[in-house]
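Heads up, the thing below is written out as structure tokens.
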Amino acid sequence: MHRRERFSRRHFLRNAGTTAVLGAAGASSLVRPRSAAAREGIGHPDGNPDRPFPPALDDYDFDEVYERKGTDSVRWDRAVNQYGDGIVAGMGVADMDFRAAPCVTRALAERCTHENWGYMHRPDSYAQAVAEWNHRRYGLDIDPSTIVFTTGVHPGIIAALHTFSPPGTRVLLQTPTYSGFYTDVRFSRTVADDSPMLVDADGRYSIDWDDFERRARRCNTFILCNPQNPTGNCWSAEDLTRMGEICLRHRVIVLADEIHCDFVTAGNTYTPFASLDKELVDNSLTFKSASKSFSLAAMKVAWYHSTNPDLLARTRLNTRADLSTLGMVASRAALKEGEPWLDDLLSYLDANHDFAASFVRDNLPGITHRKGQGTYLAWLNVAEFADRIGAAGTAERESAEGTDTRTPEQVVQRWFAERAGVFLNPGSSYGTGGGGYMRMNLASPRAIVERALNNMAAAVAEA
Ligand SMILES: Cc1ncc(COP(=O)(O)O)c(C=O)c1O
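What follows is the structure, given as structure tokens:
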């Protein structure tokens, strides 16, 4: 049966040594070009003499368990802060547990050889790299002069909300949807208007068109999520066109968040909103970054673009982005050289998806799951299981006793954190329709995904 696996501190201790070695060796070992490091036998600043640094472009192994605990990561360390050191699988926030793509580490190491961090002038090569990536991967032609850089997709969306949605007005969302949109709405003093999607018995989501159009009539903007976080839906050209037409009819500007666009599972495709008919595209802005695709979230670089000069100019007026040199260097390197790494990663993640889907089916009674078409997230239907552990009753009691409202999904989160050492995101934070679900991040080495699922199965078996 499934035995609960505990966290091994071996990797972490090895990494803790890293910091010491880095400190002792100083910056010089960090910044030497690879050939010099290899010649002098310096090896990696983590203390491993056999690992060249910076790594060769093809030097990566997605199976490697790369310890992140103790590195101030939201995904692991915030989960530990909340539930204690028993957390052995942080499967929450959407970033990846792998070592960065070698092209990124190489570009950063090279830039660090120049020890000056004054204001950065941004050459055209950055916007050019974004345009070329979209052309190569999606056949989408973007005029580089229409690309506006931001310090994240959130700041871009907030700038657009400030521009087109006056305080107090409604913003259309298709729910369940990315929890961060609710913070964007709060930040812009607007109000979320949830249009719940329909879900069939197999867990397939679709749009409730009547509801969508009814709400569109009273909104100024619609935040589209494509591919959809958390359900994993990749919207078809037909669906996108229908959304676009409704929005155009009711003068709703489409804010297309396509940050997950590079993650599509086998047999599925991502259709950029910006590839639709011109009049629909002219009614939209698209928000993207390399931060999901290459897990560069803390590097704080993203961008938006639009074919409509008026929408673009007005949004630009509300956009101030103080970008960091290292963030820009990392993003450009990823877009220019990271494709082979990303393509290998996509096959790996697809296999993680398949593994999780069959494991949940075979070993987690009361929990169901349908493999997503996109993203690296699994959207688990835990409604039956939550009933079994009386999550609704517990939530109700704790809400009555405390100052905050507790949801049944938060109770399920605590249950798995305490009994399985696994941190999952509660579906209740994803808006209307998120109740009864938990979101699990699968962007980890297989061993971590297995550890999480095995631990969950062992805990469920004892429930
Ligand atoms: C759909 C979506 N949009 C935006 C973000 C966050 O973007 P950023 O970190 O660039 O602000 C996320 C992160 O999980 C996301 O899933």
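Numbered per this note's numbering, the sequence shown finishes at 559, counting up by one with no gaps.
Glycine included, each C-beta is placed from N, C-alpha and C at the ideal position.
- Take Ala496, set aside five residues on each side of it, and no residue of its chain has a beta-carbon closer than 8 Å to its own.
- Within the model, the alpha-carbon separation for Trp437 versus Glu494 is close to 46 Å.
- Rounded to the nearest whole angstrom, the C-alpha separation of Met192 and Phe158 is 10 Å.
- With fewer than 16 other Cβ atoms inside 10 Å of its own Cβ, Asn212 counts as exposed.
- DSSP, read as helix, strand or coil, puts Val295 in strand.
- Excluding residues up to 5 positions away in sequence, Ile183 lie with their Cβ nearer than 6 Å to the Cβ of Val176 in the same chain.
- Residue environment analysis places Gly248 among the buried positions, since at least 16 neighbouring C-beta atoms fall within 10 angstroms of its C-beta.
- Secondary structure within the region 168-255: the alpha helix (DSSP H) runs of 4 or more consecutive residues, fully enclosed, are 175-179, 198-208 and 221-234 (chain order).
- Within the DSSP secondary-structure output, Met395 pairs in no beta bridge.
- In chain order, Ala185, Met187 and Val518 place their CB closer than 7 Å to the CB of Ala548, counting only its own chain and leaving out the 5 sequence neighbours on each side.
- Runs of the alpha helix (DSSP H) spanning 4 or more residues and lying entirely within the region 267-323 occur at 276-283 and 305-312, in chain order.
- Rounded to the nearest whole angstrom, the CA to CA distance from Arg535 to Asn551 is 16 Å.
- Short of 7 Å from the beta carbon of Val161, and not among the five residues preceding or following it, lie these beta carbons of its own chain, in chain order: His107, Pro541, Ala543 and Ile544.
- Taking each of Cys315, Ser443, Gly489 and Glu546 in turn and checking the Cα distance to Thr265, the smallest one comes out for Cys315.
- The DSSP-derived three-state label of Phe369 is helix.
- The three-state reading of DSSP puts Phe158 in coil, since its state is none of H, G, I, E or B.
- In the DSSP annotation of this structure, the continuous segment of the alpha helix (DSSP H) that includes Ile342 starts and ends at Ala333 to Arg345.
- At least one heavy atom of ligand 1 lies less than 6 Å from the C-beta of Gly276.
- Shortest Cα-Cα distance from Thr271 to any of Ala559, Glu558 and Gly530 involves Gly530.
- Thr382 is bridged by DSSP to Ala352 and His401.
- In this structure, DSSP gives His140 a state outside helix and strand, which the three-state scheme calls coil.
- In the three-state DSSP reduction, Leu460 falls in the coil class, being neither helix nor strand.
- Residue state for Phe519 is assigned as strand, using DSSP reduced to three classes.
- Counting C-beta pairs with one atom in each stretch, the region 412-423 and the region 506-515 have fewer than three that are closer than 8 Å, which means they do not touch.
- At least one heavy atom of ligand 1 is found less than 6 Å from the C-beta of Asp353.
- An exposed status is given to Asp373, since fewer than 16 other beta-carbon atoms sit within 10 Å of its beta-carbon.
- Taken through DSSP and simplified to helix, strand or coil, Arg535 comes out as strand.
- With three or more CB-CB distances shorter than 8 Å, the region 461-469 counts as touching the region 296-314.
- Relative to the non-hydrogen atoms of ligand 1, the Cβ of Ser302 never comes closer than 6 Å to any of them.
- By the neighbour-count criterion, in which 16 or more other beta carbons inside 10 Å mark a residue as buried, Gly180 falls on the exposed side.
- If you draw a 10 Å sphere on the C-beta of Ser221, you find fewer than 16 other C-beta atoms in it, and that means exposed.
- Between Ala205 and Pro150, the CB-CB gap stays under 7 Å.
- DSSP places Leu476 outside any alpha helix (DSSP H); the residue lies instead in the beta strand (DSSP E), whose first and last residues are Leu473 to Asn477.
- Residue pairing by DSSP puts Gly470 in a beta bridge opposite Val360.
- By the Cβ-count criterion, Gly276 is buried, with 16 or more other Cβ atoms from all chains shown falling within 10 Å of its own Cβ.
- Rounded to whole angstroms, the separation of the alpha carbons of Leu476 and Gly498 is 28 Å.
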